[in-house]
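Residue numbering for the sequence shown is 954 to 1282, as defined by this note's numbering.
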Amino acid sequence: MKRKKISVTSLILPVIMLVVAVVLPMIYSTNYYIQLFSQTLINLVAVLGLNVVMGLAGQTNLGTIALVALGSYTSALISQATGSTNLVGLLAALVVAVLVGFMLGYPSLRVSGIFLSLTTMSVAQIVYSLANSMQWLTGGAMGVKDISEPNIFGIEFKTQAQLYYFILVIAILLIIFSVRLAKSKYGRALKAVRDNPEAVESVGLSVTKLKLMAFLIATILGCLAGVFYTWVMQYVAPTTFTTDNGTKFVVMLMLGGIGSTSGMIIGAILVTILPELLRFMGDYYQLVFYGIALLLLLVYPLGLSHLFSQLKKKAAAFFAGRKKTQKEG
954 MKRKKISVTS
964 LILPVIMLVV
974 AVVLPMIYST
984 NYYIQLFSQT
994 LINLVAVLGL
1004 NVVMGLAGQT
1014 NLGTIALVAL
1024 GSYTSALISQ
1034 ATGSTNLVGL
1044 LAALVVAVLV
1054 GFMLGYPSLR
1064 VSGIFLSLTT
1074 MSVAQIVYSL
1084 ANSMQWLTGG
1094 AMGVKDISEP
1104 NIFGIEFKTQ
1114 AQLYYFILVI
1124 AILLIIFSVR
1134 LAKSKYGRAL
1144 KAVRDNPEAV
1154 ESVGLSVTKL
1164 KLMAFLIATI
1174 LGCLAGVFYT
1184 WVMQYVAPTT
1194 FTTDNGTKFV
1204 VMLMLGGIGS
1214 TSGMIIGAIL
1224 VTILPELLRF
1234 MGDYYQLVFY
1244 GIALLLLLVY
1254 PLGLSHLFSQ
1264 LKKKAAAFFA
1274 GRKKTQKEG
């Protein structure tokens, strides 16, 4: 089988976005802006995991915020106990992610649709309630404070910019993983589970294993996003992990384009950055933001990635036409 050649037009947008991601912290160098850019990457990591469950496997998951909370609190508590933020907290968060992945994955084998939505939403509410009430462990409403700066393999991230670039590298690797997964045999099998699970069983594939794999990937990326949040903010409180905040991940998914990796990038940028740009509206900024989101969904029901896909096709046709004209001339 011949590999498809990568066209120049398909590389234009990724290269532009990469350049912007690298240059932005140099232009807006205050901690506020760099934390905002880091938060965008953190949301992207979480929503890439959500896309595996909802976009590829077709399973409803409204509990992503619980995964972020678990990863964040695990990392924060270990940092507080050991006096340093290192790989121990990260590895512990990943262990928690695997355990929760099985806990969320198994209900998906018995329930689906609205019932699975309620199950995952209940998990999110339980995690929030525990974080808020277990004051002896989580600090309750006061949260976990005085988290030390990250120290990975002996490298200390003393500035927000250094940490941002580290998370950017991880996010790029996860974007590549997401693209490759969607095009792999496992990605095609997950899509088959979404579209026709009976047909998947008929060809000898295990729907059980595929669903569990999807939830495991989602929980690992969700907890990883939580660890990054702890590193960036150096403070964790339950108010960050309400179910209201959790709905933003679904909004990212829908706005960007469900099932599309490029859509997850667009959705994460839009849902993280736009509300901050609308802060000058005071108490009405949330109303305006969700109004814009609703309008975009009405105009582009398949997500903004579909719009960019159409523009890319037009650009490819334009360049192909010019090349043909030059040859004929």
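Positions of the beta carbon are idealized from the N, C-alpha and C atoms, including for glycine.
Where residue i falls, given that 16 or more other Cβ within 10 Å makes a residue buried
i: Lys-955; result: Caution is warranted here: a pLDDT of 47 is assigned to Lys-955, below 50, making its placement in the model unreliable, and the coordinate value is therefore given only provisionally. Burial call: exposed.
i: Asn-984; result: exposed
i: Val-1153; result: buried
i: Ser-1028; result: buried
i: Lys-941; result: No answer is possible for residue 941: the residues shown for the chain start at 954 and end at 1282.
i: Lys-1266; result: exposed
i: Asn-1014; result: buried
i: Arg-1147; result: buried
i: Leu-1089; result: The sequence shown places Trp at residue 1089, rather than the Leu named in the question. Looking at its Cβ environment, which holds fewer than 16 other Cβ atoms inside 10 Å, Trp-1089 is exposed.
i: Leu-1208; result: buried
i: Val-1189; result: buried
i: Gln-1316; result: Residue coverage of the chain in this structure runs from 954 to 1282, which leaves residue 1316 outside it and unanswerable.
i: Gly-1066; result: exposed
i: Leu-1251; result: exposed
i: Phe-1233; result: exposed
i: Ser-1086; result: exposed
Cβ-Cβ distance between residue i and residue j below 9 angstroms
i: Gly-1212; j: Ile-1219; result: no
i: Glu-1102; j: Gln-1187; result: yes
i: Ile-1170; j: Val-1005; result: yes
i: Leu-1223; j: Leu-1257; result: yes
i: Ala-1094; j: Thr-1192; result: yes
i: Lys-1098; j: Gly-1107; result: no
i: Gly-1016; j: Thr-1073; result: yes
i: Ala-1010; j: Leu-1121; result: no
i: Gly-1175; j: Ala-1019; result: yes
i: Ile-1128; j: Leu-1230; result: no
i: Leu-1057; j: Phe-1168; result: yes
i: Leu-1040; j: Ile-1105; result: yes
i: Ile-1100; j: Thr-1183; result: yes
i: Tyr-943; j: Thr-1225; result: Residue 943 is absent from the structure shown; the chain starts at 954 and stops at 1282.
i: Thr-1172; j: Ala-1084; result: no
i: Ser-1131; j: Thr-1214; result: yes
i: Val-1185; j: Gln-988; result: yes
i: Met-1217; j: Leu-1001; result: yes
i: Tyr-1237; j: Pro-1228; result: no
i: Leu-1158; j: Ala-1145; result: yes
i: Leu-1069; j: Ser-1061; result: yes
Unbroken alpha helix (DSSP H) run spanning residue i, endpoints
i: Gln-1033; result: 1017-1035
i: Arg-1133; result: 1113-1136
i: Met-1205; result: 1196-1209
i: Glu-1229; result: 1214-1230
i: Glu-1151; result: 1150-1155
i: Pro-1254; result: It is not in any alpha helix (DSSP H) - Pro-1254 carries neither H nor E in the DSSP assignment.
i: Met-1234; result: From DSSP, Met-1234 is part of no alpha helix (DSSP H); its letter is neither H nor E.
i: Thr-1013; result: From DSSP, Thr-1013 is part of no alpha helix (DSSP H); its letter is neither H nor E.
i: Thr-993; result: 984-1004
i: Ser-1061; result: 1060-1063
Beta-ladder partner(s) of residue i, from DSSP
i: Val-1097; result: Val-1189
i: Asn-1085; result: Beta-bridge pairing links Asn-1085 to no other residue.
i: Glu-1102; result: BP columns for Glu-1102 are empty, so no partner.
i: Ile-1108; result: Ile-1105
Proximity test, residue i beta-carbon vs the ligand NAP heavy atom, cut-off 8 angstroms
i: Ser-1082; result: Among the components modelled here there is no ligand, and therefore nothing to report on the ligand NAP.
Original post:
Three or more beta-carbon pairs under 8 angstroms between the region 1198-1210 and the region 1239-1254, yes or no?
Top reply: yes
**OP:** Kindly confirm or deny that the region 1173-1186 and the region 1029-1049 touch, where touching means at least three C-beta pairs closer than 8 angstroms.
**Re:** yes
**OP:** Please confirm if the region 1160-1169 is in contact with the region 1017-1027, defined as three or more CB-CB distances below 8 angstroms between the two stretches.
**Re:** no
Original post:
With contact counted as at least three CB pairs below 8 angstroms, one residue from each stretch, are the region 971-983 and the region 1113-1132 in contact?
Top reply: With the rule of 3 Cβ pairs closer than 8 angstroms, the region 971-983 counts as touching the region 1113-1132.
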